[in-house]
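Asks: Input: one structure, supplied below.
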Amino acid sequence: MEEGQPKIDVHHHVAPPGYVSTLAARGILEVGGRPFTPWDEEETLSLLDRHGIETALLSLSAPGVFFGDLGLARELARSCNEFLAGLVKDHPRRFGAFAVLPLPDVEASFAELAYALDILELDGVGLLSSVDGRYMGDPAYGELFEELDRRRVPVFMHPHTPDDKVTPVLPLPSSLIEFVFETTRATASLLFTGTLERCPNLRIILPHAGGTVPYIALRLCLGQFWPGLQEHVPLGVLTYLQRLYYDTALSAAPFALRSLQELVDVTHVLFGSDYPFAPELATVATIEGLKEYDGFDDMELESIFHLNARELFPRLGGGKMKCGADDA
Numbered sequence: 054m055e056e057g058q059p060k061i062d063v064h065h066h067v068a069p070p071g072y073v074s075t076l077a078a079r080g081i082l083e084v085g086g087r088p089f090t091p092w093d094e095e096e097t098l099s100l101l102d103r104h105g106i107e108t109a110l111l112s113l114s115a116p117g118v119f120f121g122d123l124g125l126a127r128e129l130a131r132s133c134n135e136f137l138a139g140l141v142k143d144h145p146r147r148f149g150a151f152a153v154l155p156l157p158d159v160e161a162s163f164a165e166l167a168y169a170l171d172i173l174e175l176d177g178v179g180l181l182s183s184v185d186g187r188y189m190g191d192p193a194y195g196e197l198f199e200e201l202d203r204r205r206v207p208v209f210m211h212p213h214t215p216d217d218k219v220t221p222v223l224p225l226p227s228s229l230i231e232f233v234f235e236t237t238r239a240t241a242s243l244l245f246t247g248t249l250e251r252c253p254n255l256r257i258i259l260p261h262a263g264g265t266v267p268y269i270a271l272r273l274c275l276g277q278f279w280p281g282l283q284e285h286v287p288l289g290v291l292t293y294l295q296r297l298y299y300d301t302a303l304s305a306a307p308f309a310l311r312s313l314q315e316l317v318d319v320t321h322v323l324f325g326s327d328y329p330f331a332p333e334l335a336t337v338a339t340i341e342g343l344k345e346y347d348g349f350d351d352m353e354l355e356s357i358f359h360l361n362a363r364e365l366f367p368r369l370g371g372g373k374m375k376c377g378a379d380d381a
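Position 260, counted from 1, in the sequence shown is what the numbering used here calls 313; the numbers after and before it change by one each time, with no gaps.
Structure representation (structure tokens):
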């Protein structure tokens, strides 16, 4: 492994072969305008070594596992979780994993959550910003979020391609602009349905520096005075936004980091790469962008690169892994 500052990457995708083939059979060959990148275990480990990444927290990206068939969603969630668990078992210091849930089937999601966390011992839960046209603050998901709150489990919430009913279709890849808006929509949904008020122990990670959340935080605060919304944010919008965590994937530039830094304490900022949907050059740019940004001192960089993640994921605690040691 590269010498220097260790890193824990909380935004690192995996595409299990069985999952990719199932999607291909349904004509789904890309996500957010980018083709599914073949995922190779050894190449990924090599990439981690090249860039001093001690551990990658693996997650499924959009489009998730629901394509109108609840039975298939259950099957895909289980197979993906067992694939992830196998990777973590083989490389416990190099990989962690966010469990996949078969939403919108809430009952099955409760069962899969228990299996993934209690039996497979995965590190957290991965959710999409919306499933079947329902954002995560929808009352249909309320009991699930209460269980996530009870467990105090880290939740990585990745954007999904928005439903055509939500936003006009532009001739652009959805990952170019819509993904950051989807993160913002999902966050607003959690805020103004009272989910974040009812579930104060949620540990939600927003990718891409929170989408547009930091920049429009003041505008979101208007909800505190809006009839029908204000009762859901009695502590004030900023209180809830400052409880969330934000990763740095595709966002390590001064104009994005400055806004994020003004909103949240540095202890709530986590290193993320978005590999392999964002190519290796993007990982390099994120690392260098964080190092070159003049707003973080050395201790704050240490926190962002790995210390904050160790606090959030206790299994990853215990200090820096020795160079070249795979799973010591």
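Glycine residues also receive a C-beta, built at the ideal position from the N, C-alpha and C atoms.
So the alpha helix (DSSP H) M352 belongs to, where does it begin and stop?
Replies: Residues D351 to E355.
Asks: In terms of residues, what are the limits of the alpha helix (DSSP H) holding D202?
Replies: Per DSSP, D202 belongs to the alpha helix (DSSP H) from G195 to R204.
Asks: Assign M189 to buried or exposed, taking buried as 16 or more other Cβ atoms, counted over all protein chains shown, within 10 Å of its Cβ.
Replies: Classification for M189: buried.
Asks: When you compare each of E196, D102 and V206 to F151 by their alpha carbons, which one comes out closest?
Replies: Cα-wise, what sits closest to F151 is V206.
Asks: Starting from D93, follow its DSSP beta bridges and name the residues at the other end.
Replies: D93 pairs with nothing; no bridge assigned.
Asks: Evaluate the contact criterion for the region 315-333 versus the region 60-77: three or more CB pairs, one atom per stretch, below 8 Å.
Replies: Enough Cβ pairs lie closer than 8 Å, so yes.
Asks: Tell me the rounded alpha-carbon separation between G57 and D191.
Replies: Going by the C-alpha atoms only, they are around 44 Å apart.
Asks: Report the residue from Q283, S114, L243 and T214 whose alpha carbon sits nearest the alpha carbon of P253.
Replies: Ranking Q283, S114, L243 and T214 by Cα distance to P253 puts L243 first.
Asks: In the structure shown, what three-state DSSP assignment does L100 receive?
Replies: Residue state, collapsed to three classes: helix.
Asks: So what does DSSP say about D171, is it helix, strand or coil?
Replies: It is helical.
Asks: Based on Cα-Cα distance, which residue from E284, P155 and M210 lies nearest to F232?
Replies: Out of E284, P155 and M210, M210 has the C-alpha closest to the C-alpha of F232.
Asks: Whose C-alpha, out of P280, V118, S74 and L101, is nearest the C-alpha of H144?
Replies: Taking only the C-alpha atoms, the option nearest H144 is L101.
Asks: If you follow the alpha helix (DSSP H) that L343 is part of, which residue opens it and which one closes it?
Replies: From DSSP, the alpha helix (DSSP H) with L343 extends over E333 to E345.
Asks: Out of V153, L360 and S114, state which residue places its alpha-carbon closest to the alpha-carbon of A126.
Replies: Out of V153, L360 and S114, V153 has the C-alpha closest to the C-alpha of A126.
Asks: So S326 is in the alpha helix (DSSP H); what residue range does that whole segment cover?
Replies: No alpha helix (DSSP H) contains S326, which DSSP labels as neither H nor E.
Asks: Which residue's Cα is closest to the Cα of R203: R311, E250, L255 and R103?
Replies: For the residues R311, E250, L255 and R103, the minimum Cα distance to R203 belongs to L255.
Asks: Which stretch, first to last residue, makes up the beta strand (DSSP E) that contains T108?
Replies: Looking at the DSSP string, the run of the beta strand (DSSP E) that includes T108 is I106 to S112.
Asks: How about L288 and L316: do their beta carbons lie closer than 9 Å?
Replies: Cβ atoms of L288 and L316: not closer than 9 Å.
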